[in-house]
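Right, here's the structure in full:
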């Protein structure tokens, strides 16, 4: 099993609903976030392109954060989901430094926090909160090992890219372009 | 200068005991270390959920408010049965909890005290505050007549106050949603098709093959159902054509972006009509059967060629032709979107008419993928006596004008409040419910002049907005998560109803609108208009009349009902009589002709920015609604201030850097109260700037919103009034940059 997410940049409008939904679902303190929205503008008026992306932890197969964690708090569970065990985390921040996606933050309670793919929802058969709320329906979540999952189907039919492929982390968030 | 009615910052209230809402810190503890997915994560415990529909914007999506076992509201999630949201709330709906937890909320009734120039508010009991309101309203009724009271209302709760004011005897009930927003399109579509567009819009975006957006920035305006359908249309390969001087989010998702010179849209629309007629691309069968005035239209647009429009709009003739053909190829599954906030240049009804005519030529009205025919559940009114017949109205201030207007103009109320010896109706009292008039109306000077002339003003709101500072009495309403409200019944493909019920007791000393209305009714001798004992009783009575019940709706939240008529798409050759003078779709408007207006739309040039000035364009951000969410902690976390978009060429000229703060000064010398951050971006033309509406709050009690960003409303001092329907065209204002703090410069 290999959980992954595909995000359609042709539909995302950058509304930030994924951010708020994550916040209320996972009790992320106001002022912090596990996911965020990026807008890239290219070209000059009127020859323009804008790409809007919802970003989060890439749940990398080759995760520098897990490798560098001195306490083992950062670990990978079934489905390839990268998690932080809060009570093992000493808040040293090595993982924050190592992440090429800047996906982690120091929680005010003293541990490092990040996207969990809403595993508590996924285990109940639900989509992650961000996916379930998106008004543009631009996010697809599922098991890459299952060819019938939403995410597999999108990756089979659409062009896609990943972020910072040069980092060699084998990220599992795919952007449909 | 001290006036009779000073703006009072509510923070001046002496007691100021701040009871903090449930803090998010405490919520955060719900996920104890190691327990997020562990055996006993708190957010895995069975929630209790309560049906609601959102009040953060007018789309009113239905959802569920979830509470944990301690009774704390945790989150709001969309109701999957709801056609407004299909189970997916937008960021504002998801962030609606921020409204409930906002520690800056109005907490107690407040009464203005003191002499002019030395005024403040004091806290009062509900009895005292309501008695005072009733005393003043009765005094005005006795001395001037009940018609001298006006209600400004926005949102669901306004309906109960509207009932109260009608029972009291005044017809002057108004909302900014008409004259500051969608009024022109409603009048134009009614003149063309005999019917209004309504809300939610009857656009069949889900099934369209071509969606044309003219200044309508879907995606930045978060009209949930429409955005969802636009996504579906993108999935289905529909063509999107976006006309906007700014490279909007929608433009970035479009096959064609037409970067039009601002204020020239009618020229483009007329050229499109020219191409469609000239190349005989229109739906001949449909036009033959249903439309009136093709010949007049043909003659009218004869010279309105793409080449003519190019000189005005800067859009290449080939692009105009290509996009017109694209629309025609998709016909009738094509939507030239009527837009929503369309009060731009004062000829907005005519621009909306051009849009309506284009849709008619493409045969999209009443067709799949065009405009569907919505149907709503008709909820019977709870029994109450007939309203008294008013003897006068705001319209007495406009003899002979606005005959096509069937709603009350907000700005008309302002005019009718400022004394004029030649005119009949002088309003003496305003009740303002849920709308921050200083941000929602243009020309603040006029609004303040009107307020200055009032004998009495009461504001009912959940938050201390700018307008509350001018009130004589402030009544704190509880948020939508803490109250029942009227049943939501709105026109859609499938008729449906939705229930809002409280998920929690009202915080502080706030009360729901229906309680306020009933209590005022008692004190105004209007008890018989409020015969229900509890609001539940009223809702249950209404619901039982349409085959449901309060009990059922508490479980379902949303109930879809079968359509009474099988006419979702009714114009596929069926006989049909339109509600117009000719009984046809009026390409040539006999109604406008009768009123002395152009029966066919014409392009007229609008003033251009003077040297060193830029046209002020404004719009929405998807995470905010008007000025009402600017203090919502969940949403300010996404966007806490607005910025002014500036083209890099302009930035170079002014030596502006990204992130730098500047003040804006408009053509009338009005300077923004607060500085605004510069965003240098290619997404905007060099002749205009852009900012998101709703920021720059002056009320200090809004701890997150005060002084954040600049207010576009403040800079809209030049209003181009639509002679047909009184809409306030707001896009004829020009601004320049002030690089150093103007207050300091004056001081030195």
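Residue numbers (my numbering), protein chains in the order written: chain A, 1 to 177; chain B, 1001 to 1748. C-beta atoms are modelled at their ideal positions from N, C-alpha and C, and glycine is treated no differently.
Residues bridged to residue i by DSSP?
i	result
residue 1663/B	1738/B
residue 142/A	4/A
residue 1210/B	1239/B and 1334/B
residue 1691/B	1618/B
residue 1786/B	Residue 1786/B is absent from the model: chain B starts at 1001 and stops at 1748.
residue 1501/B	Answer by DSSP bridge pairing: none, since residue 1501/B is not bridged.
residue 55/A	36/A
residue 1256/B	1241/B
residue 1052/B	1063/B
residue 1474/B	1110/B and 1459/B
residue 113/A	105/A
residue 1218/B	1221/B
Is it right to say residue i is buried, meaning 16 or more other beta carbons lie within 10 angstroms of its own, or is it exposed?
i	result
residue 4/A	buried
residue 1211/B	buried
residue 1125/B	exposed
residue 157/A	exposed
residue 1/A	exposed
residue 1500/B	buried
residue 1214/B	buried
residue 1744/B	exposed
residue 38/A	exposed
residue 1063/B	buried
residue 1751/B	Only positions 1001 to 1748 of chain B appear in the structure, and residue 1751/B is not among them; the question remains open.
residue 1024/B	Because the pLDDT of residue 1024/B is 29, which lies under 50, any placement of that residue in the model is unreliable, and the question is left without a value.
residue 120/A	buried
residue 35/A	buried
residue 1642/B	buried
residue 1696/B	buried
Report the CB separation of residue i from residue j in whole angstroms; it is logged as a contact under 8 angstroms.
i	j	result
residue 1217/B	residue 1248/B	4 angstroms
residue 1266/B	residue 1350/B	7 angstroms
residue 1130/B	residue 1433/B	Residue 1130/B to residue 1433/B, Cβ: 15 angstroms. No contact.
residue 1732/B	residue 1607/B	6 angstroms
residue 1319/B	residue 1258/B	6 angstroms
residue 1299/B	residue 1261/B	Not confirmed; about 27 angstroms, so no contact.
residue 1180/B	residue 1440/B	6 angstroms
residue 106/A	residue 65/A	Between residue 65/A and residue 106/A the Cβ distance is about 13 angstroms, and since that is not below 8 angstroms, they are no contact.
residue 1630/B	residue 1708/B	7 angstroms
residue 1465/B	residue 1496/B	Not confirmed; about 32 angstroms, so no contact.
residue 9/A	residue 52/A	7 angstroms
residue 6/A	residue 176/A	6 angstroms
Any heavy atom of the ligand ZN closer than 6 angstroms to the CB of residue i?
i	result
residue 1153/B	The ligand ZN is not among the ligands present in this structure, which contains no ligands whatsoever.
Return yes when the Cβ of residue j is within less than 7 angstroms of the Cβ of residue i, no when it is not.
i	j	result
residue 1690/B	residue 1677/B	no
residue 1363/B	residue 1235/B	no
residue 1534/B	residue 1333/B	no
residue 1147/B	residue 1162/B	no
residue 1727/B	residue 1183/B	yes
residue 1358/B	residue 1309/B	no
residue 88/A	residue 104/A	no
residue 1255/B	residue 1242/B	no
residue 1471/B	residue 1459/B	yes
residue 989/B	residue 1067/B	Here chain B covers residues 1001 to 1748 and nothing more, so residue 989/B does not appear.
residue 1010/B	residue 1701/B	yes
residue 1202/B	residue 1058/B	no
residue 1718/B	residue 1618/B	no
residue 1321/B	residue 1188/B	no
residue 1711/B	residue 1614/B	no
residue 1191/B	residue 1452/B	no
When Cβ atoms are compared, which residues of the region 1668-1685 of chain B fall closer than 7 angstroms to chain A? 1681, 1682, 1683 and 1685
Counting only Cβ-Cβ distances shorter than 9 angstroms, please list the residues of the region 1638-1651 of chain B near chain A, keeping chain order. Contact residues of the region 1638-1651 of chain B toward chain A are 1638, 1639, 1647, 1648 and 1649 (C-beta to C-beta distance below 9 angstroms).
Chain-ordered residues of the region 1068-1092 of chain B with a beta carbon less than 7 angstroms from chain A: 1074, 1075, 1088, 1089, 1090 and 1091
Between the region 1225-1238 of chain B and chain A, which residues of the former have CB atoms less than 7 angstroms from a CB of the latter, in chain order? 1227, 1228, 1231 and 1234
Name, going along the chain, the residues of the region 1612-1641 of chain B whose beta-carbon falls closer than 9 angstroms to a beta-carbon of chain A. 1621, 1622, 1623, 1633, 1634, 1635, 1636, 1637, 1638 and 1639
Residues in the region 6-31 of chain A with C-beta within 8 angstroms of chain B's C-beta atoms, listed in sequence order? Listed in sequence order: 10, 11, 13, 14, 15, 16, 17, 19, 20, 21, 23, 24, 25, 26, 27, 28, 29, 30 and 31.
Chain A contacts from the region 1240-1254 of chain B (Cβ-Cβ distance under 7 angstroms): 1247, 1249, 1252 and 1253
Output needed in chain order: residues of the region 1093-1126 of chain B with a Cβ under 8 angstroms from some Cβ in chain A. 1094, 1095 and 1097
Taking beta-carbon pairs under 9 angstroms, can you tell me which members of the region 1190-1223 of chain B lie near chain A? 1218, 1219, 1220 and 1222
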